[in-house]
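With the numbering used here applied, the sequence shown corresponds to residues 15 to 262, in that order.
Positions of the beta carbon are idealized from the N, C-alpha and C atoms, including for glycine.
Report on one structure; see the data block that follows.
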Amino acid sequence: MRIETEGIVLKQVKTSYGRKIIHLFTRDKGKISAGTGLNDRGRRSTLALQPFTLGRYRLFKNRDMYNLDSAEVIRSHYAIGEDVDKYMYGAYVLEFTEKILPEELPAQGIFSLLLDFFRELEKRDRGIGTLVLAYQTKVLVEAGVFPSLDRCAACGCPPGEENPVDRWGFSTETGGMVCPECAKEINSLIHHVKFDIINILKYFAANPLKKLENIALNEKTGLELQKIIREYSEYHLNASNIKSEKLI
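Here you go:
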């Protein structure tokens with residue numbers, strides 16, 4: 015079976031005899047793995063196998079294994095690789111995305127979101143960490159695991175005058191904000207999250223990345239939000255043991 019698809023290289027793994035296994039995030043097939051020796055066949059194919067490039071790929075599937083026959087560049091965000099900070103944050107996002115995607119399950123919303131992230135990262139001069147947090151927040155939406163922020167994730171009750179939101183907590187395992195009564199029954203860690211963090215999550219979820227180009231969180235707020243998103247993503251999307259996390 016022969017396939018032609020658009021895709022983004024998430025990871026390369028070297029094997030024997032100059033071949034590689036390419037972890038490819040495709041628009042219509044989701045994440046797939048394909049063997050290839052294309053690095054020996056010319057500069058254009060090599061560029062199409064680099065990070066931060068949208069390419070067109072032709073594959074052949076033999077039983078359970080894909081083989082990459084040819085690759086060509088559609089759009090290369092080469093400016094990301096010319097800036098150390100952008101490259102490190104971009105590499106983290108690629109590894110995060112590779113971790114959360116199941117094999118051969120289309121995720122066109124996340125695919126488009128990743129391309130939006132590349133475009134915004136290429137242009138951005140400050141607040142790169144904010145852009146990464148916004149991307150991860152929107153991935154939670156696309157994956158269907160965005161936390162409950164307007165109602166208790168346990169009992170479904172909304173905040174009220176007798177139950178103000180500043181008394182609520184955030185539970186990763188329960189799936190969002192929890193009221194004081196439910197918090198008493200939850201054995202897992204409860205974060206006492208400031209109201210502005212909740213508003214930031216809502217804003218990131220509701221707006222395209224392009225609209226966030228002038229937003230840069232202060233360090234304290236960014237670190238607090240980072241801790242919540244990473245813990246939540248690890249629990250709900252299995253986004254754990256990300257090696258490039260140590261570089262940012």
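Find the nearest neighbour of residue i within the set the options, judged by alpha-carbon distance.
{"i": "I10", "options": "E18, W182, S185 and N81", "result": "The requested residue 10 does not occur in the structure, where the chain is confined to residues 15 to 262."}
{"i": "K113", "options": "I212, T19 and L24", "result": "L24"}
{"i": "I17", "options": "K34, M79 and A62", "result": "M79"}
{"i": "V207", "options": "V98, G183 and I124", "result": "G183"}
{"i": "A148", "options": "C193, E245, I200 and A219", "result": "A219"}
{"i": "K28", "options": "K225, G49 and K137", "result": "G49"}
{"i": "I88", "options": "K241, P194 and T19", "result": "T19"}
{"i": "L154", "options": "G170, T111, K137 and E176", "result": "T111"}
What is the rounded straight-line gap between the Cα of residue i and the Cα of residue j?
{"i": "P65", "j": "A253", "result": "20 Å"}
{"i": "D54", "j": "E86", "result": "Since pLDDT at D54 reaches only 47, below the 50 mark, its modelled position is unreliable, and no value is offered."}
{"i": "D164", "j": "K152", "result": "17 Å"}
{"i": "Y249", "j": "T186", "result": "7 Å"}
{"i": "L261", "j": "F39", "result": "23 Å"}
{"i": "I94", "j": "L108", "result": "13 Å"}
{"i": "P161", "j": "S30", "result": "44 Å"}
{"i": "A197", "j": "I204", "result": "7 Å"}
{"i": "I46", "j": "H91", "result": "22 Å"}
{"i": "G141", "j": "K100", "result": "11 Å"}
{"i": "E238", "j": "G104", "result": "21 Å"}
{"i": "E271", "j": "D180", "result": "In the structure as shown, the chain begins at 15 and stops at 262. Residue 271 is therefore absent and cannot be evaluated."}
{"i": "I256", "j": "Q122", "result": "23 Å"}
{"i": "V159", "j": "P173", "result": "21 Å"}
{"i": "T235", "j": "L215", "result": "12 Å"}
{"i": "L73", "j": "D139", "result": "37 Å"}
{"i": "N221", "j": "I229", "result": "12 Å"}
{"i": "N5", "j": "S84", "result": "Given that the chain is displayed from residue 15 to residue 262, the structure contains no residue 5 and the question cannot be resolved."}
{"i": "P194", "j": "R244", "result": "24 Å"}
Residue range of the beta strand (DSSP E) that residue i falls in?
{"i": "D42", "result": "Premise fails: D42 is in no beta strand (DSSP E) and is neither H nor E."}
{"i": "E18", "result": "R16 to K28"}
Measure the CB-CB distance between residue i and residue j and report whether it falls below 8 Å.
{"i": "L129", "j": "L145", "result": "no"}
{"i": "C167", "j": "G190", "result": "Inspection of the sequence shows that residue 167 is occupied by Ala rather than by Cys. In this structure, G190 lies closer than 8 Å to A167 by Cβ."}
{"i": "G69", "j": "A62", "result": "yes"}
{"i": "G21", "j": "L119", "result": "no"}
{"i": "R41", "j": "F132", "result": "no"}
{"i": "E259", "j": "Y106", "result": "yes"}
If I follow the unbroken alpha helix (DSSP H) through residue i, where does it start and stop?
{"i": "R244", "result": "E233 to L251"}
{"i": "K216", "result": "F209 to A220"}
Is it the case that the CB of residue i approaches a heavy atom of the ligand HEM more closely than 7 Å?
{"i": "G51", "result": "As far as ligands go, the structure on display features none, and thus does not contain the ligand HEM."}
Inset, instruction - Could I get the ranges of all uninterrupted beta strand (DSSP E) runs contained in the segment 69-154, with 3 residues as the minimum, in chain order? - result: Listed in chain order, they are 79-90.
Legend entry - 3 or more residues per run - each beta strand (DSSP E) lying fully within the segment 152-188: 183-185
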